[in-house]
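Enquirer:
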Amino acid sequence: MELEVYYHPRQWGEAPGQFRFTGQLANVHVVLNSTAEDGEIEVRISESMTMVEKLNNNRSSNLSAVYGITKFSDLTQDEFIKHHLVPKLHHHVKLRLQSSHAHHNRIKTRALPDQLPLKVDWREKKVLTPIRNQRTCGACWAFSVVETVETMSAIKTGSLQVLSVQEVIDCARNGNMGCDGGDTCNLLEWLVASKTSIEPEKMYPFTWLTQSCKLKGMVGQEDMLMTLLASHGPVAVAVNALNWQNYLGGIIQFHCDGGVDQLNHAVQLVGYDRSGPTPFYIARNSWGADFGDRGFLYLAIGSNICGLATEVASLDVL
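Right, dumping it as structure tokens:
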């Protein structure tokens, strides 16, 4: 179903995440997901607009996140959680934290924070495959890891290949449950232990890899995370994406709890920018190129917003 809505469109600046309202109302078409009757959809859109107004009232600058009608706005919150998030993801993370199941932290041996570049954006290096859309399959844990494998392989070999997420969804064990959820660090451990190759979506096999997951000591120490992004490459992170349902663009700074109990999604961090007044991470999502800024969104640096530094998974390609 298509819905005609009115909202203040964005005018994008030269840098990611920089835009402002034009002040003019525009009419746009949004393709909705819901199968509800028209009357019910109107009620849901009205409820979404109430939430949108609440979120937008807290904007502190033209760089702050903007919320509006998206392809998810006709879903109830329960439907959004069921079809596009992983409600039990935090159980995996809590078990790992409580058992202190973490590998050596090689971030500490890398560059000091004052040596970091102001801006890192791996999109500019042409090492990212096209934005994917996980649709209603709750396998964000697989998408973020496979995308990180693709990127790290491209950084090392200079050849960018699209690898099979479906193979990982179908075959990965070690506590993962396919489209019903999983854990990024568990997946990396399984790949290493089984020496499994991830097949390209077309043909030939991929070399197995080594990995390390950063759990203990990451929260509140985002300098370490930025060091990894700058000196090593993109990483997969667990996040709380509950309030991303109506996200249009800009830097998310508020209304996104970073507690471990709130983690319900996984994305790939592909860079950061500290050159402006509001430093931010660049996150690659798996909800299609029609979400956010052409499939990407921006998360403020410094407060563990959305829990992005709670579980960080990185890898090396051999």
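Quick note: the sequence shown, position 139, residue 139 per UniProt numbering, numbers continuous. Positions of the beta carbon are idealized from the N, C-alpha and C atoms, including for glycine.
Could you check if residue 323 is buried or exposed, using at least 16 other CB atoms within 10 Å of its CB as the buried criterion?
Expert: Because the chain is modelled from 1 through 318, residue 323 falls outside the range shown and cannot be assessed.
Enquirer: Please classify Ser61: is it buried, with 16 or more other beta-carbons within 10 angstroms of its beta-carbon, or exposed?
Expert: Burial call: exposed.
Enquirer: When you compare the stretch 233 to 251 with the stretch 53 to 70, are there three or more beta-carbon pairs, one atom per stretch, that lie closer than 8 Å?
Expert: Touching, yes.
Enquirer: Quick check: Val146 and Pro200, are their CB atoms within less than 8 Å of each other?
Expert: Contact: no.
Enquirer: Any idea what DSSP makes of Arg284, helix, strand or coil?
Expert: Arg284 falls in the strand class under three-state DSSP.
Enquirer: Counting only runs that start and end within the stretch 235 to 273, where is the beta strand (DSSP E) found for 3 or more residues in a row?
Expert: With a minimum length of 3 residues, the continuous beta strand (DSSP E) runs that stay inside the stretch 235 to 273 are 235 to 239, 247 to 249 and 265 to 273.
Enquirer: Using 8 Å for Cβ pairs, my map puts Gly271 next to Arg123. What's the rounded Cβ distance?
Expert: About 7 Å; that satisfies the 8 Å criterion.
Enquirer: Nearest to Glu222 by alpha carbon, out of Ile41, Leu85 and Gly302?
Expert: Ranking the options by Cα distance to Glu222, first place goes to Gly302.
Enquirer: Starting from Val317, trace the beta strand (DSSP E) in both directions and tell me its first and last residue.
Expert: First-last of the beta strand (DSSP E) with Val317: Val312 to Val317.
Enquirer: From the DSSP output, read off the bridge partner residues of Ala300.
Expert: Bridge partners of Ala300: Phe280.
Enquirer: Buried or exposed: where does Arg96 fall if 16 or more other Cβ atoms within 10 Å of its Cβ makes it buried?
Expert: Any reading at Arg96 must be qualified, since the residue scores a pLDDT of 45, below 50, and its modelled position is unreliable; the value itself is stated next. Result: buried.
Enquirer: Please name the residue, chosen from Phe80, Leu299, Ser153 and Glu150, that lies closest to Gln253 on a Cα-to-Cα basis.
Expert: When each option's Cα is compared against that of Gln253, the closest is Leu299.
Enquirer: Taking the alpha-carbon of Asn264 as reference, which of Asn240, Met49 and Arg274 has the nearest alpha-carbon?
Expert: Checking every option, the nearest Cα to that of Asn264 belongs to Asn240.
Enquirer: Taking Leu269 as the reference, give the member of Glu40, Ile69, Glu189 and Leu128 with the closest Cα.
Expert: Answer by Cα proximity: Leu128.
Enquirer: According to the neighbour-count rule (16 or more other Cβ atoms, all chains shown, within 10 Å of its Cβ), is Glu40 buried or exposed?
Expert: Counting Cβ neighbours within 10 Å, Glu40 comes out exposed, since fewer than 16 surround it.
Enquirer: Applying the criterion that 16 or more other CB atoms from any shown protein chain within 10 Å of the CB defines a buried residue, is Gly158 buried or exposed?
Expert: Exposed: under 16 other Cβ atoms inside 10 Å.
Enquirer: Which partner residues of residue 353 appear in the DSSP bridge assignment?
Expert: With the chain represented from 1 up to 318, any question about residue 353 goes unanswered, as that position is not in the structure.
Enquirer: Kindly indicate which residue of Leu118, Arg135, Arg59 and Lys119 has the alpha-carbon position closest to the one of Lys82.
Expert: The shortest Cα separation from Lys82 among Leu118, Arg135, Arg59 and Lys119 belongs to Arg135.
Enquirer: Roughly how many angstroms separate the alpha carbons of Glu150 and Asp257, rounded to a whole number?
Expert: Their backbone Cα atoms lie some 30 Å apart in a straight line.
Enquirer: I'd like to know if Asn176 contacts chain B, where contact means its C-beta is closer than 8 Å to some C-beta of that chain.
Expert: Absent from the structure: chain B. Only one protein chain is present.
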